[in-house]
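Only one structure is covered here, and it is reproduced in the block below.
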Amino acid sequence: MHDSLQAAYQHCMRLTRSHYENFPVASHLLPRALRTPVSVIYAFARRADDVADEGELDPAERLAQLDEYWRQLDAIAAGQTTTTDPIFIALADVVRRHALPLPLLYDLLAAFRQDVTKSRYADFDEVLAYCRSSANPIGRLVLHLSGDASAENLRDSDKICTALQLINFWQDLEQDYLESGRVYLPQDELAAYGVAEDQLGRRGNSPALRELMDKQIERSRRLLLDGAPLGARLRGRLGVEIRATIHGGLYVLDALTRRRDDVFARPRLRRRDWLRILSRALIP
Numbered sequence: 001m002h003d004s005l006q007a008a009y010q011h012c013m014r015l016t017r018s019h020y021e022n023f024p025v026a027s028h029l030l031p032r033a034l035r036t037p038v039s040v041i042y043a044f045a046r047r048a049d050d051v052a053d054e055g056e057l058d059p060a061e062r063l064a065q066l067d068e069y070w071r072q073l074d075a076i077a078a079g080q081t082t083t084t085d086p087i088f089i090a091l092a093d094v095v096r097r098h099a100l101p102l103p104l105l106y107d108l109l110a111a112f113r114q115d116v117t118k119s120r121y122a123d124f125d126e127v128l129a130y131c132r133s134s135a136n137p138i139g140r141l142v143l144h145l146s147g148d149a150s151a152e153n154l155r156d157s158d159k160i161c162t163a164l165q166l167i168n169f170w171q172d173l174e175q176d177y178l179e180s181g182r183v184y185l186p187q188d189e190l191a192a193y194g195v196a197e198d199q200l201g202r203r204g205n206s207p208a209l210r211e212l213m214d215k216q217i218e219r220s221r222r223l224l225l226d227g228a229p230l231g232a233r234l235r236g237r238l239g240v241e242i243r244a245t246i247h248g249g250l251y252v253l254d255a256l257t258r259r260r261d262d263v264f265a266r267p268r269l270r271r272r273d274w275l276r277i278l279s280r281a282l283i284p
């Protein structure tokens, strides 16, 4: 491996390890052969997500940067990469080595563009459509990396990834509203439960909001449990990783359910929580 490529991979791994996530990313639970390519995919998604969300850029500048990433993917597709960006150097190599489906990477970029241009969702079907681009490609890419991309596995992975995306939404109601001006709770359900959007910006707990959130939590739990057979089917360390992710998601949902007086309180998994989750994940 050339020095520049090795440095690109190291850059992606450092970026991955520097970001806290409630769910494991390129963790030591993964088979060693998957950790580096997974870190490259994560670094690509993390960087694009930051373009959509972070800093002081106006929407036009954010879209222009994401368009440049789109062109970088076009170059990878054409086998014409001349970039000096370490993430795209590593990504081009991962795509080539593992024959990854590029449409999944384009889907991620489309979701980040949507983050810039769309801040409300009319109903739950629109939320699910967003998850199909923003979350499901990650699980599908991991299954392609591991050689486990059967139709059954992809279906269950989609359910798990959608559930995890939804859980992140329900943890970040206030933050998304105040920092990004986004509301992922469906507009028709906000109206049906009589919940005003400004409650999200002023931590306006109410019985109606609690009832609405219970509905979202139950939906997310059902999706996570429906996808759980994937963790039993996959063997070895990848199976443990998937089961740990599922149990971590269920733990967060339980914590969100217990916090009856404050739907805005954000659970954070601690070391002792992960030890419990890992002990459960070790059992297929």
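Residue numbers (our numbering): 1 to 284. Think of the CB as a built atom: it goes at the ideal place given N, C-alpha and C, for glycine as much as any other residue. Since we're looking at a predicted model, the values are computed, not measured.
*Local Cβ density within 10 Å of lysine 159, reported as buried at 16 or more and exposed below that*: When all chains shown are included, lysine 159 counts as buried.
*Relative to the C-alpha of arginine 271, which residue among Pro284, Ser119, Ile87, Gly248 is closest?*
For the residues Pro284, Ser119, Ile87, Gly248, the minimum Cα distance to arginine 271 belongs to Gly248.
*Where does valine 25 land, buried or exposed, given buried means 16+ other C-beta within 10 angstroms?*
For valine 25, the predicted structure reports a pLDDT of 45, less than 50, and the residue's modelled location is therefore unreliable. The matter cannot be settled from this model.
*alanine 265 versus Asp273, Thr82, Leu30, Trp170, residue with shortest Cα-Cα distance*: Alanine 265 has its Cα closest to that of Trp170, out of Asp273, Thr82, Leu30, Trp170.
*Between which two residues does the alpha helix (DSSP H) containing asparagine 205 stretch?*
In the DSSP annotation of this structure, asparagine 205 is not part of any alpha helix (DSSP H), being labelled neither H nor E.
_Please give me, in chain order, every unbroken run of the alpha helix (DSSP H) with length at least 4 that falls completely inside the segment 139–192._
Segments of the alpha helix (DSSP H) lying fully in the segment 139–192: 151–171.
_Pairwise C-alpha distance: alanine 77 and threonine 83_ = Taking the straight line joining both Cα atoms gives about 13 Å.
_Please report the distance separating the alpha-carbon of aspartate 67 from that of isoleucine 283._
Straight through space, the alpha carbons of isoleucine 283 and aspartate 67 are spaced by roughly 44 Å.
*Span separating the alpha-carbon of isoleucine 217 from that of glutamine 80*: Approximately 45 Å between the Cα atoms of the pair.
_Which residue wins for smallest C-alpha separation from aspartate 254, given the options Leu269, Glu241, Ala191, His98?_
The option with the nearest alpha carbon to aspartate 254 is Leu269.
*Report the three-state DSSP secondary structure of serine 279 (helix, strand or coil).*
The three-state reading of DSSP puts serine 279 in helix, counting H, G and I together.
*Sort Arg259, Asp261, Leu256, Arg243 by Cα distance to isoleucine 277 and report the nearest one.*
Of the listed residues, the one whose Cα sits closest to isoleucine 277 is Arg243.
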